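All the letters of the sequence shown, read from the start, carry residue numbers 102 to 595 under our numbering. Below is one structure, written out as structure tokens, with a few remarks after it.
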Amino acid sequence: MLNLQQKLSQQQKLSPQQIQYIKLLQLPTLALEQRIKTEMESNPLLEEGLDEEEEQEERAESKEETSNQEEEPKSDDEDYNWEELLPDADELYGHKARVDNSDEEERREIPMAAGVSMAEHLKDQLAFLGLTEEEELVAEQIIGSVDEDGYLRRPLESIIDDVAFNYGVLVEEEQVEVILKRIQKLEPLGIASRDLRECLMVQIEALPGETPGKDPAYRMLDRAYKEFTMKHYDHIKRKLDIGSEELKDAYDLVQRLNPKPGEGDFTAAQNYITPDFTVRYEEGGDDFLISLNSGNTPELRVSKQYRQMLEQISTEKKRGSDSSAFDSDTRNFLKTKLESAKWFINSIHQRRNTMLKVMEAIVQIQGDFFRLGHGHLRPMILKDIADIIHMDISTVSRVVNGKYVQCDFGVYELKYFFSEGLSTDSGEEISNKEVKAIIEEIIGAENKQKPLSDQKIATMLEGKGFQIARRTVTKYREQLGVPVARLRKEIILS
């Protein structure tokens, strides 16, 4: 027997407009520029420029300024209210906020200097190796498989298969090994090594014979690599039958080598960070000037030409005309693209407002940092910002992720300002990032022959007024990328 039931339930679903807004919100400035270009290419109703109302307002303001300039004589002592010349700003939490709309000259992309990639640099050097055609194909396949650190992490069998598949050339593994060894001696030395050990040994081999520590360093990597990584000095000395002075020379030599031959092979465009916000503080003032950098993102509007077409369709529809110049497919296309354009423009404006609100709230809490710099970071979590701007934590997270702010003390990722708090003896809350900086300072000043244990560091922090457990010190030390005390120990000469 069929059983029918009625059930009442509430469901929360996101509309297409909300999904589009969420996606735009998490994009940084450069990605947003590309997203706008893509949308303009797919939607003919979108074009650059201000709406008619905004254009009229700008023209009216321009006329008013011109008339004021004609009526009032210019004076060197005249005080101008420059705030009135800036775009309209929202007054949020006592700070001035604005969108940075640069002029056409500033909005142009900065030309980047042409650079040579690591692969091209290596291929240029192949000409000096005197390789045969077949060997050159293998060499190019090896170079193309090198990762950004300069290592070859693909097995030689895969390279052999690629050469056979792409060029129909069959080579033996021994041949590939010989070619690989020759490539590793190109500039930079150690490129295309398969692991750190091989990379360091290639560089040591290329050193002059009289280099201090060359022979023990090579033997140490060859015969006592595990002991080398663990800094078991006594084991190394017994295994290699060398003294403390020779061991110190070997370690000093290895530390001067390059562990990542391919590191730094990035163009200026790849390394360039475009801040999404700018925060300025003037001495003697009480407010911050917070700008949302628009970069090369243009103002958008619905195309005038298509708007006239839509108005014509609307007029024909009201008249009930059957002889329309537009078929149903065209009308539906224009209607769909119009709605899409409106949603996109609204999402862009909503994104700007939300990002400014979040940045304003961050400045409100971290005002001492933007005013005074390092050492004044306060504990802050996403919920603190969400409570101030009355939005969901997920929205704040999307704004913060991958965004940067430029202030008087440098460029910082917004995530930098979020941290948990620790209490001092005086009851004051301090950011755990400030505690990490103190730990790093303590380790930097320690006696390298007798490095401090995590428990000793915790005791020293307690003496400075920080109630912190040893396991917390261990966690912070690992987050800083600092090894344990045993691995920080230096060689003592006997």
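For each residue, glycine too, the CB sits at the ideal point set by N, CA and C. Quick caveat, the model's predicted, so the values are computed rather than measured.
**Prompt:** Run through DSSP, which three-state label would N394 get?
**Reply:** In the structure shown, the three-state DSSP call for N394 is strand.
**Request:** Going by CA-CA distance only, name the one from L478, S392 and F434 that's closest to V506.
**Result:** In terms of Cα proximity to V506, the closest of L478, S392 and F434 is S392.
**Prompt:** Which residue's Cα is closest to the Cα of T312: Q276, E274, L354 and I292?
**Reply:** The option with the nearest alpha carbon to T312 is L354.
**Item:** Bounding residues of the beta strand (DSSP E) (the contiguous stretch that carries G522)
**Value:** Per DSSP, G522 belongs to the beta strand (DSSP E) from G522 to S524.
**Request:** Could you check if N104 is buried or exposed, using at least 16 other CB atoms within 10 Å of its CB as the buried criterion?
**Result:** The residue is exposed, with fewer than 16 neighbouring Cβ atoms inside 10 Å.
**C-beta contact flag for F518 and M481 at 8 Å** = Taking 8 Å as the cut-off, the Cβ atoms of F518 and M481 count as close.
**Test item: CB-CB of L125 and L131 under 8 Å** = Taking 8 Å as the Cβ cut-off, L125 and L131 do not qualify as a contacting pair.
**Prompt:** P309: buried (16+ other C-beta within 10 angstroms of its C-beta) or exposed?
**Reply:** That one is exposed.
**Asked** Shortest alpha-carbon distance to I466 belongs to which of S520, A442 and M492?
**Response** Out of S520, A442 and M492, S520 has the C-alpha closest to the C-alpha of I466.
**Request:** Measure from the alpha carbon of T455 to the alpha carbon of each residue in C508, R432, E529 and F378, then state which is nearest.
**Result:** Residue nearest to T455 within the set C508, R432, E529 and F378 is F378 (criterion: CA-CA distance).
**Request:** Could you pull out every residue in the same chain whose Cβ sits closer than 8 Å to the Cβ of L290, ignoring the five residues on either side in sequence?
**Result:** Correct list, in chain order: V303, Q304, A307, N359 and P362.
**Asked** Once you ignore the five residues that flank W183 on each side, which residues in its own chain have a CB closer than 7 Å to its CB?
**Response** With a pLDDT of only 31 at W183, under the threshold of 50, the placement of this residue in the model should not be trusted; the figure read from the coordinates follows. For W183, where only same-chain residues beyond five positions count, there are no Cβ hits under 7 Å.
**Prompt:** I243 bridges to which residues according to DSSP?
**Reply:** BP columns for I243 are empty, so no partner.
**Request:** Report all residues from its chain with a CB closer than 6 Å to the CB of T575; omit the five preceding and five following residues, and keep chain order.
**Result:** Taken in chain order, the residues that qualify are D555.
**Request:** Spell out whether any CB of chain B is found under 8 Å from the CB atom of L473.
**Result:** No chain B appears in this structure, which consists of one protein chain only.
**Message:** By the three-class DSSP mapping on this structure, what secondary structure does I292 have?
**Reply:** Three-state result, I292: coil.
**Asked** Taking E236 as the reference, which of Q276, V500 and G468 has the closest Cα?
**Response** The candidate whose alpha carbon is nearest that of E236 is Q276.
**Request:** Would you mind stating whether R283 and L253 have Cβ atoms separated by less than 8 Å?
**Result:** Going by C-beta atoms, R283 is not nearer than 8 Å to L253.
**Item:** Simplified DSSP state of R324, which is helix, strand or coil
**Value:** DSSP, reduced to helix, strand and coil, places R324 within a helical segment of the structure shown.
**Asked** How would you write the range of the alpha helix (DSSP H) that T379 sits in, first residue to last?
**Response** That residue, T379, is in no alpha helix (DSSP H); its beta strand (DSSP E) goes F378 to Y382.
**Message:** DSSP three-state label for L457, please.
**Reply:** L457 falls in the helix class under three-state DSSP.
**Message:** Do L553 and I539 count as a contact pair if the criterion is CB distance below 8 Å?
**Reply:** Cβ distance not < 8 Å, so I539 and L553 don't count as in contact.
**Prompt:** How would you write the range of the beta strand (DSSP E) that Y100 sits in, first residue to last?
**Reply:** Because residue 100 is not part of the residues shown, which for the chain are 102 to 595, the question remains open.
**Request:** Kindly confirm or deny that the segment 330-339 and the segment 266-281 touch, where touching means at least three C-beta pairs closer than 8 Å.
**Result:** They do not touch, by the three-pair rule.
**Helix, strand or coil at E237 [DSSP, three-state]** = Correct three-state label for E237: helix.
**Message:** Taking DSSP's pairing of strands, which residues face Q507 in a bridge?
**Reply:** The partner list for Q507 (beta bridge, DSSP) reads T379 and V512.
**Prompt:** Going straight from the alpha carbon of K286 to that of I292, what length do you get?
**Reply:** The alpha-carbon atoms of K286 and I292 are separated by roughly 7 Å.
**Message:** Can you find the residues in the same chain that come closer than 6 Å, C-beta to C-beta, to L588, ignoring five residues on each side of it along the sequence?
**Reply:** Around L588: K332.
**Contact between the segment 407-417 and the segment 493-501 (3+ Cβ pairs under 8 Å)** = With a cut-off of 8 Å on Cβ pairs, the segment 407-417 is not in contact with the segment 493-501, counting fewer than three such pairs.
**Message:** My output table needs one value for V272: the three-state DSSP class, helix, strand or coil.
**Reply:** It is coil, neither helix nor strand.
**Request:** Express the C-alpha separation of M492 and L147 in angstroms, rounding to a whole number.
**Result:** Their backbone Cα atoms lie some 30 Å apart in a straight line.
**Asked** Once you ignore the five residues that flank N433 on each side, which residues in its own chain have a CB closer than 8 Å to its CB?
**Response** Exclusion of the five residues before and after N433 leaves no residue of its chain whose Cβ lies closer than 8 Å to its Cβ.
**Message:** Once the 5 residues before and after Y319 are set aside, which same chain residues still bring their CB inside 6 Å of it?
**Reply:** Excluding positions up to five away in sequence, the list reads I305.
**Prompt:** Any idea which residues DSSP pairs F389 with across the strands?
**Reply:** According to DSSP, F389 bridges with Y382.
**DSSP bridge partner residues for M481 (one or two, in chain order)** = Beta-bridge pairing links M481 to S520.
**Message:** Do I260 and I243 count as a contact pair if the criterion is CB distance below 8 Å?
**Reply:** In contact: I243 and I260 (Cβ atoms closer than 8 Å).
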